[in-house]
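Novice: The structure follows.
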Amino acid sequence: MFKKILVANRGEIAVRVLRACREMGIPTVAVYSEADRMSPHLRAADEAILLGPAPAADSYLHMDRMVEAARQAGADAVHPGYGFLSENSDFARRCEGEGLVFIGPNSRALELVGDKVRARQTMEKAGVSIIPGMKSIPRTMEECRQAAQGLGYPVIVKASAGGGGKGMRVVSEEEGLEAAIEAGRREAKSAFGDESVYIEKCIEEPRHVEFQVLADNHGRMVHLFERECSIQRRHQKLIEETPSPALDAELRDRMGSTALKVMAAAGYTNAGTVEFLLDKDRRFYFLEVNARLQVEHPVTELVTGIDLVRRQILAAAGEPLTLRQEDLRQRGHAIEGRIYAEDAGRGFLPSAGKILFLKEPHHPGVRLDSGIAAGWEVPVYYDPILAKLIVWAEDRELACRRLAAALSDYVILGIQTTIEFLRDVIGHPEFRAGRTHTGFLGRHFSDWGEQRGDETARRLALAAAAFDGMNPAGSGRRASPASVAARRPSPWDSLGRWRMGEPS
Ligand code: MV4
Numbered sequence: 004m005f006k007k008i009l010v011a012n013r014g015e016i017a018v019r020v021l022r023a024c025r026e027m028g029i030p031t032v033a034v035y036s037e038a039d040r041m042s043p044h045l046r047a048a049d050e051a052i053l054l055g056p057a058p059a060a061d062s063y064l065h066m067d068r069m070v071e072a073a074r075q076a077g078a079d080a081v082h083p084g085y086g087f088l089s090e091n092s093d094f095a096r097r098c099e100g101e102g103l104v105f106i107g108p109n110s111r112a113l114e115l116v117g118d119k120v121r122a123r124q125t126m127e128k129a130g131v132s133i134i135p136g137m138k139s140i141p142r143t144m145e146e147c148r149q150a151a152q153g154l155g156y157p158v159i160v161k162a163s164a165g166g167g168g169k170g171m172r173v174v175s176e177e178e179g180l181e182a183a184i185e186a187g188r189r190e191a192k193s194a195f196g197d198e199s200v201y202i203e204k205c206i207e208e209p210r211h212v213e214f215q216v217l218a219d220n221h222g223r224m225v226h227l228f229e230r231e232c233s234i235q236r237r238h239q240k241l242i243e244e245t246p247s248p249a250l251d252a253e254l255r256d257r258m259g260s261t262a263l264k265v266m267a268a269a270g271y272t273n274a275g276t277v278e279f280l281l282d283k284d285r286r287f288y289f290l291e292v293n294a295r296l297q298v299e300h301p302v303t304e305l306v307t308g309i310d311l312v313r314r315q316i317l318a319a320a321g322e323p324l325t326l327r328q329e330d331l332r333q334r335g336h337a338i339e340g341r342i343y344a345e346d347a348g349r350g351f352l353p354s355a356g357k358i359l360f361l362k363e364p365h366h367p368g369v370r371l372d373s374g375i376a377a378g379w380e381v382p383v384y385y386d387p388i389l390a391k392l393i394v395w396a397e398d399r400e401l402a403c404r405r406l407a408a409a410l411s412d413y414v415i416l417g418i419q420t421t422i423e424f425l426r427d428v429i430g431h432p433e434f435r436a437g438r439t440h441t442g443f444l445g446r447h448f449s450d451w452g453e454q455r456g457d458e459t460a461r462r463l464a465l466a467a468a469a470f471d472g473m474n475p476a477g478s479g480r481r482a483s484p485a486s487v488a489a490r491r492p493s494p495w496d497s498l499g500r501w502r503m504g505e506p507s
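Residue numbering for the sequence shown is 4 to 507, as defined by my numbering.
Given below as structure tokens:
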């Protein structure tokens, strides 16, 4: 087993990975930027090394500094988490060259799945159904016009180096095609340094269903079923669940087998996810491979009982996979809500600042993966995810209720978060009915902020009063949160009960 693991990340995912290492008895080293000197992830590690200034390019994305930190600490493996360097094949190769084990897929597989057009070619050859579209990068506009006409509008322009929706444009008629291709090229060039774009048939209002795969270095592979991730806003996921309300045993079986076929064709190792689009007629298409541990991995852990980070570490150390597909089961239902430092009532504007007060929910069947603490300042430099609230229950309805209850008992003062927005989504009748698709939030929640204008002002006033009342250095007017809550009902009732010494 590894002598020491460097966790090349920050926030909740660094905490998550560091905890898995601790359970396994593996010493750890955390890294941090100047903006993260006080960050909670440092306390989850045995030691910590400063990478550099706050901007990610000077710290969490800086390969030389990362490798140097590993050398300095005497680490022999690196866990990249998600984002930052996690899907960078140059970094994976660099680690391989420095005698550091990259806890993720091998660099060849990383490279293949990072190139969308190459991945499509590979998957088609392997007999996997891909979205109808171009099989190579077009050279002329005429080629694009022909292809789009053949596919039928609407079509979608995608960046070959892309992913996550960058450089992507929907085109509803020929008139807009040329402009969309030009715009897509420019965006792809600036985002990925590669202006290659291609055209696919647009699948309308699809569901996003992905399959978790685990593979060892010896050709063994299993899938750990699906996650439904259709509740997104501008390619930022907000809620994920498993099982998907859209699958039955037969479809799940076919999609799972296809996911394994995809990963085998890519020569994939370690943990990864195969994304599919599922259309209204239950046809599914390969979309892309996410070559990392994903943000939403905990829902899979809760229904399968498998610790994915532990399995990643074992696989990277060369251990053979001991799981057998026929032994794996989905038990009950899990849902995750993502807590971002964003003002959902104002177009999800980032909301950085100090966390003045924090009360976390402790319900049965609740897991909280968090990277924050009271008194800590949320930096403006990084992805705004603060924490993930994940619940498990016997069935979907109970899981929804449990998540709603836990969200009601989750209080973060000082910054705006997505907590209330999540509670409203969970409570929506269409969500409860399982009728989710990638257009769900746009259809049902695009005016949420306007309805909530007064509510936000009221909440700010309550937050200020509550904080002043409990701060010994406050104004001394003693507007205790309990009295505030007594005059004004929810959402502070939970906080009020807690302050009165009655755990909620
Ligand atoms: C699509 C699509 C419809 N048709 N491709 C968005 C991110 C990138 N991973 C691929 N995406 C899409 N590709 C075709 N041919 C719709 C989306 C899409 C989407 C996909 C997954 C999850 C959420 C989404 C939200 C909007 C659009």
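Yeah, the Cβ is synthetic: ideal placement off N, Cα and C, and Gly gets one too.
Between which two residues does the alpha helix (DSSP H) holding histidine 238 run?
Specialist: No alpha helix (DSSP H) holds histidine 238; DSSP gives it neither H nor E.
Novice: First and last residue of the beta strand (DSSP E) that includes threonine 31?
Specialist: From DSSP, the beta strand (DSSP E) with threonine 31 extends over 31–36.
Novice: Leaving out five residues before and five after glutamate 203 in sequence, what residues of the same chain have Cβ atoms less than 8 Å from its Cβ?
Specialist: So the qualifying residues of the chain are Ile134, Pro135, Gly136, Met137, Leu154, Val158, Ile159, Lys161.
Novice: Check for me: the alpha helix (DSSP H) holding serine 110 runs from which residue to which?
Specialist: 110–117 is the span of the alpha helix (DSSP H), which, as asked, contains serine 110.
Novice: What is the DSSP secondary structure of serine 233, counted as helix, strand or coil?
Specialist: Three-state result, serine 233: strand.
Novice: Buried or exposed, going by whether 16 or more other CB atoms sit within 10 Å of the CB of aspartate 219?
Specialist: Per the 10 Å Cβ criterion, buried.
Novice: How is serine 260 classed by DSSP in three states: helix, strand or coil?
Specialist: Reduced to three states, the DSSP call for serine 260 is helix.
Novice: When the distance is taken between beta carbons, is serine 373 closer than 8 Å to glutamate 15?
Specialist: Yes, these two residues count as a Cβ contact at 8 Å.
Novice: DSSP has asparagine 293 in a bridge; who is on the other side?
Specialist: Answer is Thr276.
Novice: Within this structure, are the beta carbons of valine 10 and glycine 84 separated by less than 8 Å?
Specialist: For valine 10 and glycine 84, yes; Cβs fall inside 8 Å.
Novice: Three-state secondary structure (DSSP) at threonine 245?
Specialist: Strand at threonine 245.
Novice: What separation, rounded to the nearest whole angstrom, lies between the Cα atoms of leucine 389 and glutamine 328?
Specialist: Rounded to the nearest angstrom, the two C-alpha atoms are 34 Å apart.
Novice: Closer than 7 Å: is that where the CB of methionine 137 sits relative to any heavy atom of ligand 1?
Specialist: Answer for methionine 137: no, Cβ out of range of ligand 1.
Novice: Should glutamine 297 be counted as a contact of ligand 1 given a C-beta to heavy atom distance under 7 Å?
Specialist: Answer for glutamine 297: no, Cβ out of range of ligand 1.
Novice: Pop quiz: tyrosine 201 and valine 174 are said to be a contact at Cβ under 8 Å. What is the actual Cβ separation, rounded to whole angstroms?
Specialist: With a Cβ gap of about 13 Å, tyrosine 201 and valine 174 do not count as contacting.
Novice: Taking only the alpha-carbon atoms, compute the straight-line gap between alanine 76 and aspartate 346 and give it to the nearest angstrom.
Specialist: One C-alpha to the other measures close to 39 Å.
Novice: Should leucine 290 be counted as a contact of ligand 1 given a C-beta to heavy atom distance under 7 Å?
Specialist: Yes, Cβ of leucine 290 sits closer than 7 Å to a heavy atom of ligand 1.
Novice: For the alpha helix (DSSP H) holding arginine 399, just list the boundary residues, first then last.
Specialist: That run of the alpha helix (DSSP H) goes 399–411.
Novice: Does the beta-carbon of leucine 526 have 16 or more other beta-carbons within 10 angstroms, so that it is buried, or is it exposed?
Specialist: Nothing about residue 526 can be reported from this structure: the residues present for the chain run from 4 to 507 only.
Novice: In chain order, what residues of the same chain lie with their CB nearer than 6 Å to the CB of glutamate 323, ignoring the 5 residues before and after it?
Specialist: Inspection of the sequence shows that residue 323 is occupied by proline rather than by glutamate. Around proline 323: Asp219, His221.
Novice: Leaving aside the five residues before and after methionine 69 along the sequence, list all residues of the same chain whose C-beta is less than 6 Å from its C-beta, in chain order.
Specialist: Correct list, in chain order: Ala11.
Novice: Start and end of the beta strand (DSSP E) containing leucine 154?
Specialist: Where leucine 154 is concerned, there is no enclosing beta strand (DSSP E), although the alpha helix (DSSP H) it sits in stretches over 144–154.
Novice: Mapping DSSP to helix, strand and coil, what is alanine 42?
Specialist: The sequence as given places serine at residue 42; alanine does not occur at that position. Three-state DSSP puts serine 42 in coil, outside helix and strand.
Novice: Please work out which residues of its chain come closer than 8 Å, Cβ to Cβ, to isoleucine 358, disregarding the five sequence neighbours upstream and downstream, and give them in chain order.
Specialist: Closer than 8 Å at Cβ, skipping near neighbours: Ile375, Ala376, Ala377, Gly378, Trp379, Glu380, Val381, Ile415, Leu416, Gly417, Ile418.
Novice: Could you tell me whether the Cβ atoms of valine 216 and leucine 326 are closer together than 8 Å?
Specialist: Not a contact, by the Cβ cut-off of 8 Å.
Novice: For the pair the stretch 251–262 and the stretch 232–243, tell me if three or more CB-CB distances fall below 8 Å.
Specialist: As far as the Cβ criterion goes, the stretch 251–262 does not touch the stretch 232–243, which means the pair count is below three.
Novice: Where alanine 551 and glutamine 152 are concerned, what is the direct C-alpha to C-alpha distance, given to the nearest angstrom?
Specialist: Because the chain is modelled from 4 through 507, residue 551 falls outside the range shown and cannot be assessed.
Novice: Under the DSSP definition of a beta bridge, which residues are partnered with proline 353?
Specialist: Beta-bridge pairing links proline 353 to Glu345.
Novice: Pull up the distance between the alpha-carbon of isoleucine 422 and that of arginine 19, whole angstroms please.
Specialist: C-alpha separation (whole angstroms): 21 Å.
Novice: Between arginine 299 and glutamate 339, what straight-line distance do the alpha-carbon atoms span, to the nearest angstrom?
Specialist: According to the sequence as given, residue 299 is glutamate; it is not arginine. Their backbone Cα atoms lie some 7 Å apart in a straight line.
Novice: According to DSSP, is alanine 23 helix, strand or coil?
Specialist: Helix at alanine 23.
Novice: Quick one: does the C-beta of isoleucine 133 sit closer than 7 Å to a heavy atom of ligand 1?
Specialist: No, ligand 1 has no heavy atom inside 7 Å of this Cβ.
Novice: Which value, in whole angstroms, describes the spacing of the CA atoms of leucine 115 and alanine 59?
Specialist: Looking at the two C-alpha atoms, the distance is approximately 25 Å.
Novice: Confirm the yes/no value for this check: CB of isoleucine 159, any heavy atom of ligand 1, distance under 7 Å.
Specialist: At least one heavy atom of ligand 1 is nearer than 7 Å to the Cβ of isoleucine 159, so yes.
Novice: Name the two residues that bound the continuous beta strand (DSSP E) containing histidine 82.
Specialist: From DSSP, the beta strand (DSSP E) with histidine 82 extends over 80–82.
Novice: Should threonine 441 be listed as close to ligand 1, given that the test is whether its C-beta is under 7 Å from any heavy atom?
Specialist: Yes, Cβ of threonine 441 sits closer than 7 Å to a heavy atom of ligand 1.
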